[in-house]
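Residue numbers (the numbering used here), protein chains in the order written: chain F, 2 to 270; chain R, 340 to 1139.
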């Protein structure tokens, strides 16, 4: 058996050499890769700032980096979310409270929600950079409410629809320079603060359409915005107590009369 | 009005102000207010078809206090079943761009002066009165059916002038010639239900994931339900559609001609064509010495002989698609146990052999019997909301009359004159100028033979969308004798050269009727007022006609001496609809539609009464009245199980056959190279098109924040290897230049689409960089539709 040792040493050297070649190839490939496809400017800055480093606006030429630096450097689409992948808590670790959220917290959550919609009922825009061609990759986070850093990906409320960017527009497509949105006087339908209640303590009615919101817990469950979370996620049959709006759900026509005729009352007017 | 509502209005105003400020500051948030009440309660919802593409989704429009405030997918609509695309969800915002045109403007030197509507209408009428035969009307597939019908009647039935053509000539004219040459009558036999039933979907030069997203979802969402569908993308570049397909067949421009012939070759060689179907229902046809849409009969053996050279290897040479992939396609078509739907739009239509490729794809379906069963269909899509309804059915083309008639046919002219109640001989038998010719004549000085000197444009933007703009549009500049009238909603590339700008009402600011890609006629009512003094295009046409009547133009009177657009109310009293104050005293749309309906029976495109469409989310023609008085739409034409016009005992009957024997024509056409191919000086092939977020020239969508934010400007897609060679990085400014013109725009590598080496792609939506300065105006010999997809260009980096 001993005569095999030199061979083993040989193999180790070969492995080392191979590693060097592979690493060199990977590095070269990496720099070619970032030269073609990395946006020139940091378009996500300001939209959803998660407090990581931002790319220098003038970073058309990317400085040389070593592997240690790579871990903390923003590259590629969704670069702001890359740093904490190893420490992701799962969505189930998020909690709900048994008492309703304070109105200030709810207001803040609704404000975040409203920032991404042109009117209540509009599909939210995508507040981060995306791969232009790959819609499937959306599900890797939004299919399971993945939590990264202090951000939770919204859970997909309509899993049967898979052409995400048909309805959800991304932020500015790279590589374009700054531009000014055209002035538009459209005043969108506001978001309601809450569903109406018949009395204090009654279950609120659903103030929005339930179409394409098959999964109520996508927004009202533990992964939803804090101010919108249910106090009772253990109850699964939401519509048992919370009534949807037939009008918003487009379920009835206006011409349908819900009542039989009044009886003729003698002497009545 | 409750206090809450008043508060809300104040709030909204503040919000609008805030958002305007935010836009200036470059902040991206929308800042939608959150209110402490049930905000939805005072919103009124009404149905309307979407304003954008030919899919014809229905939306629910939320209106409050005279403004559109929200949009929802209409769940009762069969087309979209409650789903929309990102454009559709934001369609309400197109009404509220701050730079809406609100008053008529007359050019004086380099400036415009506001004028009254009276002056404006008089100016148009005087120009026409001076030389009616030198006037041309240019419209589009965005004209509503009544608008197009009014323009058509005004020109052909009033002025006796056939110089009326739509931008649809640039869009689906080759689809029309393909249907006519194959079936003898226009428009698809199938419908969107084919998408629910097909096992294989072949997209020929088509990117429905971006261009007809709701239809694409209708297919791929079936996968979520467990259906197995094979998607095949035959394309000149990778797109979002490709990402969902099992097969991507990357072809060179015009490769489609060879691919279709390659399939036919193998069906014949392998004896897998549908013998029974061909024997019972088909003839074979090819062009003779004088090419036309009827062609000459050839025998089956002759057809087989001509197809002999299209071996998979030869097809690979012509198209660049591997021979194995051709075999794969032919094997699919050779199977009787799968249902195959073909979809196409601009890829096959904007093609100098557009009629040929349309005929060949129909031919492959007929030869293999993949026709006439739900899911087995060759189906063309349209890009405009009423390209089918207004252009193809109302016939707003230089050679056509309503209901599939043509001006060259004496019998057709007579029928039209009768329905219009205008004197016999009023309609000119000579076809007018098609689009490219019309603009060429308008841009050519009178002294050099340019015999169009007044041109009225409605609902379209030729200054951006015509090919070879320097020749066909920009040359109008500095020709004071030429007068361009433009009815528009926003300033555009076209209004830049306009002599008179007429502010128009848009979408739900007026009544309307559209006709979508699947023969579905869709009606909506006016919901909000247009801004300022903007007015309906249809009213503008009628007002000019009436002014001409006042000026003594005899063509504006019918046989009884009455105004050709005379409209009466329910009691039979005439309403002066040419006066704006009275235009909505009566439903002019309904009056025009009922008049038009008479035209629709000849080609079995029967329409139901107006009121039926008010009730429905559109109906697919022929709509035939049943014994019980109800109206029934038709999903599948020419087949006994659904089409009421197929005779008893026949399974399939092509009852408008050009050979009068109830058979469809299977055509032979040879492969031919594109009109322009890359060479040493211009080594790249430029292809142009759309992106998901913007619709056509971007006039509407670029004013919608969420859309414009996602796709702010035009760019050029370059292949990474080409980019490496040229030293181009993403974001670099690049010059794209052809023999006709050049533009500068940023490069985008591995961006929205991914072209192969030697191809570049530029979208045409951006009015600040007009790619049509670069494109070619070569066009199909039959349809006269130009080829925007294949221009030879060179590409050079300008700055990093």
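All C-beta atoms, glycine included, are put in the ideal place defined by N, C-alpha and C.
Determine whether the beta carbon atoms of residue i and residue j lie at a separation below 7 Å.
i: residue 939 of chain R; j: residue 742 of chain R; result: yes
i: residue 1122 of chain R; j: residue 512 of chain R; result: yes
i: residue 952 of chain R; j: residue 862 of chain R; result: yes
i: residue 383 of chain R; j: residue 407 of chain R; result: no
i: residue 823 of chain R; j: residue 837 of chain R; result: yes
i: residue 1098 of chain R; j: residue 1024 of chain R; result: yes
i: residue 947 of chain R; j: residue 931 of chain R; result: no
i: residue 803 of chain R; j: residue 481 of chain R; result: no
i: residue 1011 of chain R; j: residue 597 of chain R; result: no
i: residue 1021 of chain R; j: residue 874 of chain R; result: no
i: residue 623 of chain R; j: residue 1005 of chain R; result: yes
i: residue 705 of chain R; j: residue 782 of chain R; result: no
i: residue 272 of chain F; j: residue 429 of chain R; result: Any answer about residue 272 of chain F is impossible in this case: the structure gives chain F only from 2 up to 270.
i: residue 491 of chain R; j: residue 733 of chain R; result: yes
i: residue 385 of chain R; j: residue 400 of chain R; result: yes
i: residue 714 of chain R; j: residue 678 of chain R; result: yes
Taking 7 Å as the limit between beta carbons, can you name the residues of its chain near residue i, skipping five residues before and five after?
i: residue 718 of chain R; result: 527, 529, 533, 680, 681, 682
i: residue 773 of chain R; result: 504, 508, 737, 1123
i: residue 1017 of chain R; result: 1023, 1024, 1097, 1131
i: residue 595 of chain R; result: 543, 544, 573, 687, 696
Applying a beta-carbon distance threshold of less than 7 Å, which residues of chain B neighbour residue i?
i: residue 201 of chain F; result: Within the model displayed, chain B is absent; protein chains F and R are what it includes.
Does the Cβ of residue i have 16 or more other Cβ atoms within 10 Å, making it buried, or fewer, making it exposed?
i: residue 225 of chain F; result: buried
i: residue 182 of chain F; result: buried
i: residue 543 of chain R; result: buried
i: residue 1085 of chain R; result: buried
i: residue 133 of chain F; result: buried
i: residue 20 of chain F; result: exposed
i: residue 1049 of chain R; result: buried
i: residue 1042 of chain R; result: buried
i: residue 1 of chain F; result: As shown, chain F starts at 2 and ends at 270. That puts residue 1 of chain F outside it, with no answer to give.
i: residue 575 of chain R; result: buried
i: residue 202 of chain F; result: exposed
i: residue 426 of chain R; result: buried
For residue i, tell me which candidate among the options has the shortest Cα-Cα distance.
i: residue 433 of chain R; options: R/1067, R/1085, R/1040; result: R/1040
i: residue 545 of chain R; options: R/795, R/571, R/461; result: R/571
i: residue 483 of chain R; options: R/730, R/446, R/896; result: R/730
i: residue 502 of chain R; options: R/955, R/999, R/472; result: R/472
i: residue 1008 of chain R; options: R/637, R/991, R/928, R/859; result: R/637
i: residue 454 of chain R; options: R/694, R/443, R/416, R/547; result: R/443
i: residue 496 of chain R; options: R/653, R/892, R/1030, R/1083; result: R/892
i: residue 222 of chain F; options: F/198, F/146, F/206; result: F/146
i: residue 557 of chain R; options: R/394, R/388, R/950; result: R/394
i: residue 961 of chain R; options: R/973, R/969, R/386, R/955; result: R/973
i: residue 578 of chain R; options: F/203, F/135, F/148; result: F/135
i: residue 457 of chain R; options: R/925, R/657, R/883, R/1037; result: R/883
i: residue 569 of chain R; options: R/563, R/1059, R/584, R/987; result: R/584
Cutting at 6 Å between CB atoms, please list the residues of its own chain near residue i, excluding the five before and the five after it.
i: residue 645 of chain R; result: 1007
i: residue 602 of chain R; result: 668, 669, 672, 703
i: residue 898 of chain R; result: 760, 762
i: residue 423 of chain R; result: 396, 412
i: residue 197 of chain F; result: 206
Short-range partners of chain F found in the segment 1037–1049 of chain R, where Cβ spacing is below 9 Å: For the segment 1037–1049 of chain R, the set of residues with a beta-carbon nearer than 9 Å to any beta-carbon of chain F comprises 1041, 1042, 1043, 1044, 1045, 1046, 1047, 1048, 1049, in chain order.
- prompt: Which residues, taken in chain order from the segment 422–448 of chain R, show a beta carbon closer than 8 Å to some beta carbon of chain F?
  reply: Going along the segment 422–448 of chain R in chain order, one finds 422, 423, 424, 425, 428, 429, 431, 432, 434, 435, 436, 437, 438 with a Cβ nearer than 8 Å to chain F.
- prompt: When Cβ atoms are compared, which residues of the segment 135–163 of chain F fall closer than 8 Å to chain R?
  reply: Those would be 135, 136, 137, 160, 161, 162, 163, in chain order.
- prompt: Between the segment 574–603 of chain R and chain F, which residues of the former have a C-beta closer than 9 Å to a C-beta of the latter?
  reply: Residues of the segment 574–603 of chain R that bring their beta carbon within less than 9 Å of a beta carbon in chain F comprise 577, 578, 579, 581, 582, 583, in sequence order.
message: Please list, in chain order, the residues of the segment 112–123 of chain F that have any C-beta partner in chain R closer than 9 Å.
response: Hits within the stretch, in order: 112, 114, 115, 116, 117, 118, 119, 120, 121, 122, 123.
- prompt: Going along the segment 393–426 of chain R in order, which residues come within less than 8 Å of chain F, judged by CB to CB distance?
  reply: Within the segment 393–426 of chain R, the qualifying residues are 399, 401, 403, 406, 407, 408, 409, 410, 411, 412, 413, 414, 415, 421, 422, 423, 424, 425.
message: Along the segment 544–571 of chain R, where does the CB come closer than 8 Å to a CB of chain F? Name the residues.
response: For the segment 544–571 of chain R, the set of residues with a beta-carbon nearer than 8 Å to any beta-carbon of chain F comprises 548, 552, 553, 555, 556, 559, 560, 562, 563, 564, in chain order.
- prompt: Going along the chain, which residues of the segment 820–841 of chain R sit with their C-beta nearer than 9 Å to a C-beta in chain F?
  reply: From the segment 820–841 of chain R, no residue has a Cβ closer than 9 Å to chain F.
task: Mind checking the segment 1026–1037 of chain R against chain F and listing, in chain order, the residues whose C-beta falls within less than 8 Å of any C-beta there?
output: The segment 1026–1037 of chain R vs chain F, Cβ under 8 Å: 1031, 1032.
- request: Give the residues from the segment 1086–1097 of chain R that approach chain F closer than 9 Å (Cβ to any Cβ), ordered along the chain.
  value: From the segment 1086–1097 of chain R, only 1086, 1087, 1088, 1089, 1090, 1091, 1092, 1093 have a Cβ closer than 9 Å to chain F.
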